[in-house]
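See structure below.
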Amino acid sequence: MRVLVTGATGSVGRHIVEQLLAKGIEVRALSRKEGNLPTGAQAVLGDLDIPVTIESYLQDVDSLFLITQSDQSDSKFLKNQSIIQMAKKANVKKIVALIDFFNNPIEEVIQNSEMEWTILRPIEFMKNSLYGWAESIQKEGKVRHAFPDSLSARIHENDIASVAVRALIEQGHHNKVYNLTGPEALSIRSMVKQISEVIGKPIDLIELTEEQARQEWKEQGYDDEFINYFIIEMGKNPPMETYTVLPTVEEVTGKPARTFAQWVNENKQNFI
């Protein structure tokens, strides 16, 4: 059996590659740039933004792990659609797609592809705690954030990979949409406290006003559409899906989902 893993050096893909190899599965690992991959993986270079660059790697592949583009523009949709059509033409039997937790129009294309399919919809990654936090904790011992009491059931990237691997190589996952969360809904305040406890260093949580948050995000290059979405949907009024804990990881893998404390212990060097 051969599996093509896209995004193979990314936060989820690298775990998928490792787990597949540990099970004796032949892995073709695709990434845009050369990166460290486990011994045994067939490393290939390609860009999902340029579908023709990956077309040849779909040959002689049984299953495909596809990271879809989070940007829902027409351009990204057409690129994702092209890759799915290429996979079908190459007689790929099964596709497991990582998709935004909220509705993405590419889902319908996957479901109508005539391949066996599984869709993974993870809530926010635990790794997102690194962005904007790691550097400020290292240099200042501070985290700046608006809405520190908003909740999210963030998921460990390795748990996403474990579910993906089951779907890629086992039967019983066809026509399934798996919404994936971690085992607990945590606030920003609680996560900062856990990081502080693990690294043994006090961290000041500075609560930003809405206007301060808008200004910081603008300075970081985010557009008004993103800023408005984050403030309204993820801050002021987050949808229930973002903080509702689901048992999917354990149901699929037979193992409890990893906690945020576990993730911090594995990644504490980034905060020290």
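In this text, residue positions in the sequence shown follow our numbering: the first is 81, and each later residue adds one. For glycine and all other residues, C-beta sits at the position ideal for the given N, C-alpha and C. The model shown is predicted, which means the values in this text are computed figures rather than measured ones.
Distance CB(Val243)-CB(Tyr258) smaller than 8 Å: As a first step, residue 243 is located in the sequence shown; it is residue number 163 there, counting from the start. As a first step, residue 258 is located in the sequence shown; it is residue number 178 there, counting from the start. For Val243 and Tyr258, yes; Cβs fall inside 8 Å.
Selection from Ile307, Gly221, Asp284 that minimises the alpha carbon distance to Gln292: As a position in the sequence shown, residue 292 is number 212, starting the count at 1. Just measuring C-alpha positions, the residue of Ile307, Gly221, Asp284 sitting nearest Gln292 is Ile307.
Secondary structure of Pro131, DSSP reduced to three states: Locating residue 131 in the sequence shown gives position 51, where the first residue counts as 1. It is helical.
Identified DSSP bridge partners for Lys207: As a working note, residue 207 is residue 127 in the sequence shown. Residue pairing of Lys207 in beta bridges, as defined by DSSP: absent, with no partner found.
Residue interval of the alpha helix (DSSP H) (run including His95): Taking the first residue of the sequence shown as 1, we reach residue 95 at position 15. Its alpha helix (DSSP H) spans residues 93 to 102.
Ile286 (DSSP reduced to helix, strand or coil): As a working mapping, residue 286 is identified with position 206 in the sequence shown. Three-state DSSP puts Ile286 in a strand.
One or two residues paired with Lys110 in a DSSP bridge: Mapped onto the sequence shown, residue 110 falls at position 30. This sequence places Leu at residue 110; Lys is not what is there. DSSP, once it has assigned bridges, lists Val124 as partnering Leu110.
Chain C within 8 Å of Phe157, Cβ atoms only: Chain labels in this structure do not include chain C; a single protein chain is all it has.
Residues bridged to Asn308 [DSSP beta-bridge criterion]: Within the sequence shown, residue 308 is the residue found at index 228, counting from 1. DSSP, once it has assigned bridges, lists no residue as partnering Asn308.
Candidates Glu204, Pro228, Lys222: closest to Phe340 by CA position: Position 260 of the sequence shown, counting from 1, holds the residue named residue 340. Cα-wise, what sits closest to Phe340 is Glu204.
Cβ-Cβ distance between Val83 and Leu266 below 8 Å: The residue you call residue 83 lines up with position 3 of the sequence shown. The residue you call residue 266 lines up with position 186 of the sequence shown. Val83 places its beta carbon 8 Å or farther from that of Leu266.
With 16 other Cβ atoms within 10 Å as the buried cut-off, status of Thr171: Residue 171 sits at position 91 when you count from the first residue of the sequence shown. Looking at the sequence shown, residue 171 is not Thr but Asn. Exposed: under 16 other Cβ atoms inside 10 Å.
Alpha-carbon spacing of Gly115 relative to Val245, whole angstroms: Position 35 of the sequence shown holds residue 115. Position 165 of the sequence shown holds residue 245. C-alpha separation (whole angstroms): 21 Å.
Contact belief for Ile164 with Ser143 at Cβ below 8 Å, rounded distance in angstroms: Against the sequence shown, residue 164 aligns to sequence position 84. Against the sequence shown, residue 143 aligns to sequence position 63. About 14 Å; that fails the 8 Å criterion.
Ser155 classed as buried or exposed, judged by whether at least 16 other C-beta atoms fall within 10 angstroms: For the purposes of this step, residue 155 is taken as the residue at position 75 of the sequence shown. Exposed: under 16 other Cβ atoms inside 10 Å.
First and last residue of the uninterrupted beta strand (DSSP E) at Phe340: In the sequence shown, residue 340 corresponds to position 260, counting from 1. Per DSSP, Phe340 belongs to no beta strand (DSSP E); it is in the alpha helix (DSSP H), 340 to 347.
Own chain, CB closer than 7 Å to Lys348, minus 5 neighbours either side, in chain order: Mapped onto the sequence shown, residue 348 falls at position 268. Contacts found: Val278, Ile279.
Contact under 8 Å by Cβ, Ala177 with Thr148: Numbered from its first residue, the sequence shown carries residue 177 at position 97. Numbered from its first residue, the sequence shown carries residue 148 at position 68. For Ala177 and Thr148, yes; Cβs fall inside 8 Å.
Leu260, DSSP secondary structure in three states: Taking the first residue of the sequence shown as position 1, residue 260 is located at position 180. Strand.
Straight-line gap, Leu285 to Tyr309 (C-alpha atoms, nearest Å): Within the sequence shown, the letter at position 205 stands for residue 285. Within the sequence shown, the letter at position 229 stands for residue 309. So the two alpha carbons sit approximately 23 Å from each other.
Expected contact under 8 Å - CB spacing of Phe145 and Ile105 to nearest Å: Counted from its first residue, the sequence shown places residue 145 at position 65. Counted from its first residue, the sequence shown places residue 105 at position 25. Rounded, the Cβ-Cβ distance is 11 Å, inconsistent with contact.
For Phe145, three-class secondary structure by DSSP: Within the sequence shown, the letter at position 65 stands for residue 145. The answer is strand: DSSP assigns Phe145 an E or B state.
Leu128 vs Pro202 beta-carbon contact at 8 Å: Here residue 128 refers to the residue found at position 48 of the sequence shown. Here residue 202 refers to the residue found at position 122 of the sequence shown. No. Outside cutoff.
Contact check, Ala233 vs Glu264, beta carbons under 8 Å: Counted from its first residue, the sequence shown places residue 233 at position 153. Counted from its first residue, the sequence shown places residue 264 at position 184. A contact, by the Cβ cut-off of 8 Å.
Buried versus exposed call for Asn238 [16 or more other C-beta atoms within 10 Å across all chains shown]: Taking the first residue of the sequence shown as position 1, residue 238 is located at position 158. Result: buried.
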